[in-house]
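What follows is one structure encoded as structure tokens, with my remarks underneath.
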Amino acid sequence: MSDGRRAIVVMGVSGCGKTSVGAGLAAHLGAPFVEGDALHPAANVAKMASGSPLIDADRWPWLSAIAARVAVEPERVIVVSCSALKRAYRDLLRAEAGRPVGFLYLHGSEAMLAERMNARQGHFMPPALLTSQLATLEDPRGESGVVTVEIGGALETVVAAAIAAAQVFVEPSGSARP
-13 MSDGRRAIVV MGVSGCGKTS VGAGLAAHLG APFVEGDALH PAANVAKMAS
37 GSPLIDADRW PWLSAIAARV AVEPERVIVV SCSALKRAYR DLLRAEAGRP
87 VGFLYLHGSE AMLAERMNAR QGHFMPPALL TSQLATLEDP RGESGVVTVE
137 IGGALETVVA AAIAAAQVFV EPSGSARP
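Written out as structure tokens, the structure reads:
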């Protein structure tokens, strides 16, 4: 893993803005962006859409698929959205990604997250599952390799904060930190 390649996983519960912030960060870095939800097996999407939360057995193959996608990416930096709710999930991504992985944790209040989930349309994750996601979340603040961005404010403000926070993972000169 000393080839300078790096992955940044934009993480958090549903409704925190992983896709929007991750895409904005990737665009700024000139890096590919992988929407982690697109790698869910159809059975996982159907389960969540029906209002049933995923269990660990549902998540392990999905997390491995994300790590495999990161491992084969030839670009020096890749940005991925993934809830990564438990430390064990983050550890799997670290172990299987084939490159160092940093996590950008998008944090907001339950009320703000619920408001965002209720406002969005066409997403398979119903707002009713927010409670189970928050219950599953093992707060990563203070964990090595994790930086936190508060999600209050306009999207542009949050993306700018994410770009600034991601500098701990990628040097301004363009070389990855060890």
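Each residue of the sequence shown is one higher than the one before, counting from -13 in the numbering used here. Here a beta-carbon is modelled for each residue, glycine too, at the ideal position from N, C-alpha and C.
Query                                                                                                                                                       : Result
Under a three-way DSSP split, which group does Glu136 fall into?                                                                                            : strand
Give me whichever residues DSSP pairs with Met(-3) in a beta bridge.                                                                                        : Tyr91
Which first and last residues belong to the alpha helix (DSSP H) in which Val144 is found?                                                                  : 141 to 151
If you follow the beta strand (DSSP E) that Ser36 is in, where does it begin and where does it stop?                                                        : Unbroken run through Ser36: none, as it is neither H nor E.
Please return the same chain residues whose Cβ sits closer than 7 Å to the Cβ of Ser6, not counting the five positions on each side in sequence.            : Leu141
From Gly168 to Val31, what distance separates their C-alpha atoms?                                                                                          : Past the boundaries of the shown model lies residue 168; the chain is included only from -13 to 164, so the question cannot be answered.
Roughly how many angstroms lie between the CA atoms of Ala151 and Val(-5), to the nearest whole one?                                                        : 12 Å
For the segment 123 to 131 and the segment 88 to 100, state whether three or more C-beta atom pairs, one from each stretch, are separated by less than 8 Å. : yes
Using 10 angstroms around the beta-carbon of Arg163, count the other beta-carbons present and answer buried if the total reaches 16, otherwise exposed.     : Reliability fails at Arg163, whose pLDDT of 42 lies under 50, so the model's placement of it is uncertain and no value is given.
Measuring straight from C-alpha to C-alpha, what distance separates Glu101 and Gly84?                                                                       : 37 Å
Could you give the DSSP three-state label for Arg85: helix, strand or coil?                                                                                 : coil
Could you tell me the distance, in whole angstroms, from the CA atom of Arg(-8) to the CA atom of Ile64?                                                    : 7 Å
Restricting to Cα atoms, I'd like to know which of Gly10, Gly37, Phe155, Ile149 is closest to Val87.                                                        : Phe155
If you count every other CB in all the chains shown that lies within 10 Å of the CB of Val(-1), and 16 or more means buried, which is it?                   : buried
Does DSSP classify Ser130 as helix, strand or coil?                                                                                                         : coil
If we call anything under 8 Å between Cβ atoms a contact, is Gly37 one with Leu115?                                                                         : yes
In terms of alpha-carbon separation, which member of Glu82, Arg80, Lys72 lies closest to Ala121?                                                            : Lys72
For the putative contact between Ser50 and Glu82, defined by C-beta atoms under 8 Å, what is the C-beta separation to the nearest angstrom?                 : 6 Å
By a C-beta neighbour count over all protein chains shown, 10 Å radius and 16 as the cutoff for buried, is Ile41 buried or exposed?                         : exposed
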